[in-house]
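Trainee: Residue numbers (full-length UniProt numbering): 1 to 470. Yeah, the Cβ is synthetic: ideal placement off N, Cα and C, and Gly gets one too. Can you keep this structure in mind? I'll have questions shortly.
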Amino acid sequence: MPSRDLQAFRSQSVNYAMENSNIQRSDTHNPSPDSDDRHSLIRMFLRRLRSNRYPVAVATGLFAVLYVAGSLSLLAVLACVVAVIAAFGAAPVGIVAASPEERQPEVPLAHDRKRSDVLLDSLPDPILLLDSEGTVRSLNAASRQVFNNTIQPGSSALTRFRNPELLSMIKRALAGETPEPVEIVERYPIERWFQAAIVALPAEWEDDEPFLLYLRDLSEMHRLDRMRSDFIANASHELRTPLASLSGFIETLSGPARNDATARDRFLAIMQEQANRMSRLIDDLLSLSRLETASGRTEFQLLNIAEVLRHVAASLASQVEEVDVTLNVDFDAVEDPGCRVRGSRDELIQVFSNLLENAIRYAATGKMIDFHAERVDDGGAQSVRVIVRDYGPGIAEDHIPRLTERFYRVDVESSRAKKGTGLGLAIVKHILTRHRGRLSISSVPGRGASFVATLPTEPVHEASGRQKRR
């Protein structure tokens, strides 16, 4: 394409992107000064891109940041992609042309194309360049990865894709129309959600690639939406059950059992238990909310992990006696003064209390629970490993990967009978992640389950040096 045409097309594309750069999901519903500042920065970047005042590397990097931040609409993203590609025809890598007199001579088309490929490969979503027949002429690295190399240059997009809305959009573009973006689901090689859009490249484009097909991956957004919906449904159900029970007993006490002292005492005891269940659930929900909103704000301290574990064992001693099990405690390996963990004492107490309470609930009567800690070399770094092992019914292998999901239970009725909320292990995983730790679970059905929390240690001399630097 001649240089003048490239510059004109680039200017037109960026103008369109500037007009659409304020389309952002959260900001349209909740405008704020921050969103205004971000849009001002976006528009400044686009103005400079239009005047070719950025070198290619800088333009690519800035565009990628804007894309990942979700600050551009899909059509604005497409306009920017095409605009930056067009800009490559006017300035070689690393050159900032401030005026026509300073602008460098045009570079060969092959060199120009190579830089265009570099830009496309740097983007995280699939982009395909199609000719006027719908044949794929080139595609970026994300396309090859997402579609498991099932799309190759020379193949037809009209035969590779099966989604009717996507095919209709491509056919309309090939016929000279300007179709709206569509949302599609691709089920091979795995299920993924995309927002697809197609834009026509300028008629002067020297290669026979007049269309750019862009597939913006929405899979993570859909996954989070599904998790949010499931969470709300589960929380509502968990609260509705004890509420229904309380409502029923109140109705009974207001009517037939009004003057029955024996029934009244029995019903009040059940009502108290249901109220306690709701209280435990609300406490756990608040804990999760607090962990998610206060990430990084809690003041971490250097902790004696053995002291934390002893506190947990002592606080749950009465529960151990109630279920007639033996608690086997061994923290000798972490008593060394040099073995310290940096973290929140309250949060770590919550982690180990949840794990030990789980073991107490499911341990077989008359059996033993192991609660001990050891020091390990974890990939060259020193760590503390805390093991909680019960010898109860165990857990089937297919349930283990989902145990840390909110409200996930292996046996719903059994869990409720044992006063579980279904949130304990989700809280444990969240806290351990905040402490750069991890949780591993293993089990053999009929022989019990083992929960292992691993946390990095911090030598005392390093910690004291850090505190002095503060």
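Run through DSSP, which three-state label would D37 get?
Mentor: With a pLDDT of 48 at D37, under the threshold of 50, the modelled position of that residue is not reliable, and the figure given next carries that caveat. Correct three-state label for D37: helix.
Trainee: Once DSSP output is grouped into helix, strand and coil, what is the label at E186?
Mentor: Three-state result, E186: strand.
Trainee: Take E347 and list the residues in its own chain whose beta-carbon comes closer than 6 Å to its own, dropping the five residues that flank it on each side.
Mentor: So the qualifying residues of the chain are I431.
Trainee: Which whole-angstrom value describes the C-beta separation of A245 and Q272, a residue pair presumed to lie in contact below a C-beta threshold of 8 Å?
Mentor: Before going on, a small fix: residue 245 reads as Ser here, not Ala. Actually they do not touch by this definition, with Cβ atoms about 11 Å apart.
Trainee: So, do the region 383-393 and the region 355-365 have three or more beta carbon pairs nearer to each other than 8 Å?
Mentor: The answer is yes - the region 355-365 touches the region 383-393, with three or more Cβ pairs under 8 Å.
Trainee: State buried or exposed for S383, treating a residue as buried only when at least 16 other CB atoms are found within 10 Å of its CB.
Mentor: The residue is buried, with at least 16 neighbouring Cβ atoms inside 10 Å.
Trainee: Can you give, in chain order, each stretch of the beta strand (DSSP E) that sits fully within the region 343-407 and has at least 3 residues?
Mentor: Counting whole runs of 3 or more residues, the region 343-407 contains the beta strand (DSSP E) stretches 368-378, 381-390.
Trainee: At the level of alpha carbons, what is the spacing between T143 and F352?
Mentor: Here residue 143 turns out to be Ser, not Thr, going by the sequence shown. So the two alpha carbons sit approximately 45 Å from each other.
Trainee: When DSSP labels each residue in this structure, what does V334 get in the three-state scheme?
Mentor: In the structure shown, V334 sits in a helix (DSSP, three-state: H, G or I).
Trainee: Helix, strand or coil for F194 per DSSP?
Mentor: Of the three classes helix, strand and coil, the one that applies to F194 here is strand, per DSSP.
Trainee: What is the DSSP secondary structure of G424, counted as helix, strand or coil?
Mentor: Three-state DSSP puts G424 in a helix.
Trainee: Who pairs with A449 in a beta bridge, going by DSSP?
Mentor: In the DSSP output, where bridge partners are listed per residue, A449 has D390, S443.
Trainee: Going by DSSP in three states, R162 sits in which element: helix, strand or coil?
Mentor: In this structure, R162 counts as coil in the three-state DSSP scheme.
Trainee: Could you please give the first and the last residue of the uninterrupted beta strand (DSSP E) stretch that includes R216?
Mentor: Looking at the DSSP string, the run of the beta strand (DSSP E) that includes R216 is 211-217.
Trainee: In angstroms, rounded to a whole number, what distance separates the CA positions of N358 and V312?
Mentor: Near 13 Å, if we compare the C-alpha coordinates of V312 and N358.
Trainee: Which complete beta strand (DSSP E) runs does the region 241-291 hold, if anything under 3 residues is left out?
Mentor: Counting only runs of 3 or more, we get nothing.
Trainee: Label M169 either buried or exposed according to how many other C-beta atoms from any shown protein chain fall within 10 Å of its C-beta, with 16 as the threshold for buried.
Mentor: It counts as buried.
Trainee: Let me check one thing: in DSSP terms, what residues is R438 bridge-paired to?
Mentor: Looking at the DSSP assignment, R438 forms a beta bridge with T454.
Trainee: In this structure, how does DSSP classify V199 when only helix, strand and coil are distinguished?
Mentor: In the structure shown, V199 sits in a strand (DSSP, three-state: E or B).
Trainee: Helix, strand or coil for V65, going by three-state DSSP, please let me know.
Mentor: Unreliable placement is indicated for V65, whose pLDDT of 46 sits below 50; the coordinate value is still reported in the next sentence. Note: V65 maps to helix in three-state DSSP.
Trainee: Thinking C-beta only, is I127 closer than 8 Å to Y214?
Mentor: Yes, the pair counts as a contact, with Cβ atoms nearer than the cut-off.
Trainee: What span of residues does the beta strand (DSSP E) with V136 cover, start to end?
Mentor: That run of the beta strand (DSSP E) goes 136-139.
Trainee: Given 8 Å as the limit, is there contact between the region 224-236 and the region 176-196, that is, 3 or more CB pairs closer than that?
Mentor: Contact between the region 224-236 and the region 176-196 is absent, because fewer than three Cβ pairs lie under 8 Å.
Trainee: Give the secondary structure of T326 by DSSP, where H, G and I count as helix, E and B as strand, and everything else as coil.
Mentor: Here T326 sits in strand by DSSP.
Trainee: Report the CB separation of L218 from F194 in whole angstroms; it is logged as a contact under 8 Å.
Mentor: About 6 Å; that satisfies the 8 Å criterion.
Trainee: Taking the C-alpha atoms as reference points, what is the distance between F147 and L286?
Mentor: Answer to the nearest angstrom: the Cα atoms are 41 Å apart.
Trainee: With respect to the beta strand (DSSP E) encompassing I305, which residues constitute its N-terminal and C-terminal limits?
Mentor: Not the beta strand (DSSP E): I305 falls in the alpha helix (DSSP H), residues 305-315.
Trainee: Applying the criterion that 16 or more other CB atoms from any shown protein chain within 10 Å of the CB defines a buried residue, is G338 buried or exposed?
Mentor: Under this definition G338 is an exposed residue.
Trainee: Is the Cβ-Cβ distance between T454 and R375 less than 8 Å?
Mentor: Not in contact: T454 and R375 (Cβ atoms no closer than 8 Å).
Trainee: Tell me the DSSP secondary structure of S229 in three-state form.
Mentor: Three-state result, S229: helix.
Trainee: Tell me whether L129 sits in a helix, a strand or coil according to DSSP, three-state version.
Mentor: It is a strand residue.
Trainee: Where does V118 fall in DSSP's three states?
Mentor: Three-state DSSP puts V118 in a helix.
Trainee: Keeping to the same chain, check which residues put their C-beta closer than 7 Å to that of A157; ignore five residues upstream and five downstream.
Mentor: Cβ within range, chain order: L128, L130, G134, V136, I170, L213.
Trainee: What residue from A196, L120, V334 has the CA that sits closest to E307's CA?
Mentor: Of the candidates A196, L120, V334, the one whose C-alpha sits nearest the C-alpha of E307 is V334.
Trainee: With C-beta atoms as the reference, is V341 less than 8 Å away from I305?
Mentor: Yes; because the gap between Cβ atoms is below 8 Å, this pair is in contact.
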